[in-house]
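> Have a look at this one before I ask anything.
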Amino acid sequence: MVRVIVDVMPKPEILDPQGKAVLGALPRLGFGGVSDVRQGKRFELEVESADDATLAEVTKIAETLLSNPVIEDFTVRVDA
Amino acid sequence: MSTIGVVTFPGSLDDRDARTAIEAAGAKSVGLWHADADLHGVDAVVLPGGFSYGDYLRCGAIARFAPIMERVIESAQAGMPVLGICNGFQILCESHLLPGALIRNDHRTFLCRDQDLIVENNSTAWTSDYEVGQRITIPLKNGEGGFVADAQTVARLEGEGRVVFRYADVNPNGSVNEIAGITNERGNVVGLMPHPEHAISDLTGPGTDGLGFFTSVLKVLV
Numbered sequence: 000m001v002r003v004i005v006d007v008m009p010k011p012e013i014l015d016p017q018g019k020a021v022l023g024a025l026p027r028l029g030f031g032g033v034s035d036v037r038q039g040k041r042f043e044l045e046v047e048s049a050d051d052a053t054l055a056e057v058t059k060i061a062e063t064l065l066s067n068p069v070i071e072d073f074t075v076r077v078d079a
Numbered sequence: 000m001s002t003i004g005v006v007t008f009p010g011s012l013d014d015r016d017a018r019t020a021i022e023a024a025g026a027k028s029v030g031l032w033h034a035d036a037d038l039h040g041v042d043a044v045v046l047p048g049g050f051s052y053g054d055y056l057r058c059g060a061i062a063r064f065a066p067i068m069e070r071v072i073e074s075a076q077a078g079m080p081v082l083g084i085c086n087g088f089q090i091l092c093e094s095h096l097l098p099g100a101l102i103r104n105d106h107r108t109f110l111c112r113d114q115d116l117i118v119e120n121n122s123t124a125w126t127s128d129y130e131v132g133q134r135i136t137i138p139l140k141n142g143e144g145g146f147v148a149d150a151q152t153v154a155r156l157e158g159e160g161r162v163v164f165r166y167a168d169v170n171p172n173g174s175v176n177e178i179a180g181i182t183n184e185r186g187n188v189v190g191l192m193p194h195p196e197h198a199i200s201d202l203t204g205p206g207t208d209g210l211g212f213f214t215s216v217l218k219v220l221v
């Protein structure tokens with residue numbers, strides 16, 4: 000089995016209130032030097048093999064269900 | 000008598016109130032189940048508020064692929080009136096029956112209040128009983144009600160008069176251009192975050208301003 004990772008992130012121009020909440024908490028905890036936080040999702044899909052057809056299928060899954068292309072971008076990669 | 004279906008998804012909350020509002024307007028309400036393969040012959044459909052499928056993945060993202068949604072999407076594209084309230088609005092956006100998306104409120108808290116809205120378009124299937132510019136009070140209750148879309152889509156919605164409702168006085172959730180509800184090109188599909196079904200009786204809501212949604216659609220169905 001091979002693991003394929005799909006990362007889904009809010010588009011840069013879309014407000015990310017969750018990321019902002021995390022960013023706001025950092026100074027309170029004494030962590031400095033972080034100027035921005037964006038929060039996304041990571042999906043791990045177990046597949047038989049990571050051939051081109053499978054990766055094309057996973058890409059289709061990512062754009063159909065795992066992400067909303069109106070507000071999110073995604074990347075697909077094979078777990079090393 | 001016209002029949003209006005209300006879809007219950009696992010996690011729907013306001014399906015009963017939607018059915019009560021439909022009956023109060025003088026129509027027959029029919030309960031539809033998310034796993035139904037057909038619409039039982041209803042003339043219009045309401046997608047109610049709540050947290051379908053626990054809001055897992057994204058609000059409305061799983062509900063959009065429920066078996067009954069295939070029929071709802073087909074019928075909406077053929078002109079059947081469809082109203083999406085709150086979670087129903089999110090489902091309509093995920094289904095691409097309406098453009099844009101709803102994201103978490105900019106202030107990051109769940110909000111529940113009686114919200115004033117301005118009616119911007121009374122030529123949709125669900126708003127003909129209102130006047131353009133009319134101010135109505137409708138309960139608003141959500142955590143993810145911020146309407147967003149790319150600049151081109153927003154310009155198109157504004158240019159074509161497809162913004163149906165705008166928040167009055169305050170922007171309660173960071174929605175672009177204070178947009179509270181929109182419609183499709185044809186005007187048969189309307190989605191909004193506030194809950195008209197909670198404003199049909201002085202006893203249980205802020206008034207009866209929401210009843211007009213359900214009386215409006217009856218004129219289209221007759």
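Heads up: the sequence lines are chains A and B, in that order.
In this text, residue positions in the first sequence follow numbering that gives the first Met the number 0: the first is 0, and each later residue adds one.
In this text, residue positions in the second sequence follow numbering that gives the first Met the number 0: the first is 0, and each later residue adds one.
Idealized CB from N, CA, C, for every residue including glycine.
If you're wondering where the values come from, they're calculated on a predicted model, not measured in any experiment.
(1) Tell me the residue span of the beta strand (DSSP E) that contains B:Ser215.
(2) One question on the structure: do B:Ala100 and B:Val147 come within less than 9 Å of each other, judged by their Cβ atoms?
(3) Against B:Asp169, what residues of chain A qualify as contacts under a CB-to-CB distance less than 8 Å, listed in chain order?
(4) Does the contact criterion of 3 or more C-beta pairs under 8 Å hold for the segment 199-218 of chain B versus the segment 8-25 of chain B?
(5) Give me the chain B residues within the contact set of A:Ile64, using Cβ-Cβ distance strictly less than 8 Å, ordered along the chain.
(6) With contact counted as at least three CB pairs below 8 Å, one residue from each stretch, are the segment 44-54 of chain B and the segment 153-171 of chain B in contact?
(7) Run through the DSSP bridge pairs and tell me what B:Leu97 is partnered with.
(8) Would B:Gln114 be called buried (16 or more neighbouring beta carbons within 10 Å of its own) or exposed?
(9) Can you tell me which of B:Cys92, B:Asn187, B:Asn120, B:Asp128 puts its alpha carbon nearest to the alpha carbon of B:Gly144?
(10) Using a Cβ cut-off of 8 Å, pull out every chain A residue sitting near B:Glu93, in sequence order please.
(11) Looking at B:Val153: is its Cβ nearer than 9 Å to the Cβ of B:Thr182?
(12) Under 9 Å between the Cβ atoms of B:Arg107 and A:Pro16?
(13) Taking B:Asn86 as the reference, give the member of B:Arg103, B:Asp35, B:Ala77, B:Val41 with the closest Cα.
(14) Under 9 Å, Cβ to Cβ, is there at least one residue of chain B near A:Glu127?
(15) Could you name the residues of the same chain whose beta carbon sits closer than 8 Å to that of B:Leu31, not counting the 5 residues immediately before and after it, in chain order?
(16) What first and last residue would you give for the alpha helix (DSSP H) that runs through A:Lys19?
(17) Closer than 6 Å by C-beta to B:Phe109: which residues in its own chain qualify, once you throw out the five before and the five after it? Chain order, please.
(18) For B:Lys140, report the span of its beta strand (DSSP E) as first-last.
(19) Can you tell me the Cβ-Cβ gap for B:Leu82 and B:Arg112, rounded? I've got them flagged as a contact below 8 Å.
(20) In terms of residue numbering, what span does the alpha helix (DSSP H) encompassing B:Gln151 cover?
(21) Under 7 Å Cβ-Cβ, which residues of chain A neighbour B:Ile102?
(22) Out of curiosity, what's the CA-to-CA distance linking B:Leu56 and B:Tyr129?
(23) Using 8 Å for Cβ pairs, my map puts A:Arg91 next to A:Pro9. What's the rounded Cβ distance?
(24) Where does B:Phe64 land, buried or exposed, given buried means 16+ other C-beta within 10 angstroms?
(25) Rank B:Ser200, B:Met0, B:Ser74, B:Cys58 by C-alpha distance to the C-alpha of B:Ala36 and give the top, closest one.
(26) Helix, strand or coil: which one does DSSP assign to A:Val69?
(27) The beta strand (DSSP E) spanning B:Leu56 covers which residue range?
(28) List, in order along the chain, the chain B residues whose C-beta lies closer than 9 Å to that of A:Gln38?
(29) Using DSSP with H/G/I as helix, E/B as strand and the rest coil, what is B:Ile199?
(30) Please return the same chain residues whose Cβ sits closer than 7 Å to the Cβ of B:Glu119, not counting the five positions on each side in sequence.
(31) Straight-line CA distance for A:Asp78 to A:Glu71?
The short version:
(1) Segment 210-220 is the alpha helix (DSSP H) holding B:Ser215; no beta strand (DSSP E) there.
(2) yes
(3) Position check: residue 169 of chain B holds Val in this sequence, whereas Asp was assumed. The premise fails here: B:Val169 is roughly 17 Å from chain A at the closest Cβ pair, so nothing lies under 8 Å.
(4) yes
(5) In the sequence as presented, Ile is not what sits at residue 64 of chain A; that position holds Leu. Ordered by position in chain B, the residues that pass the 8 Å Cβ test against A:Leu64 are Leu56, Ala60, Phe64.
(6) no
(7) Looking at the DSSP assignment, B:Leu97 forms no beta bridge with any residue, so it has no partner.
(8) buried
(9) B:Cys92
(10) Asn67
(11) no
(12) yes
(13) B:Arg103
(14) The structure shown does not extend to residue 127 of chain A, since chain A is modelled only from 0 through 79, so no value can be given for it.
(15) Gly4, Val5, Val6, Thr7, Leu38, His39, Val41, Val44, Ile67
(16) 16-27
(17) Gly142
(18) 134-141
(19) Their Cβ separation, rounded to whole angstroms, is 21 Å, which puts B:Leu82 and B:Arg112 out of contact at 8 Å.
(20) 150-158
(21) Ile13, Leu14, Ile70
(22) 36 Å
(23) Nothing can be reported for residue 91 of chain A, as the shown portion of chain A is limited to 0 through 79.
(24) exposed
(25) B:Ser74
(26) coil
(27) B:Leu56 -> no beta strand (DSSP E), and no H or E assigned at all.
(28) Per Cβ cutoff of 9 Å: no residues; A:Gln38 is ~10 Å from chain B at best.
(29) coil
(30) Val131, Val162, Val163, Phe164, Arg165
(31) 21 Å
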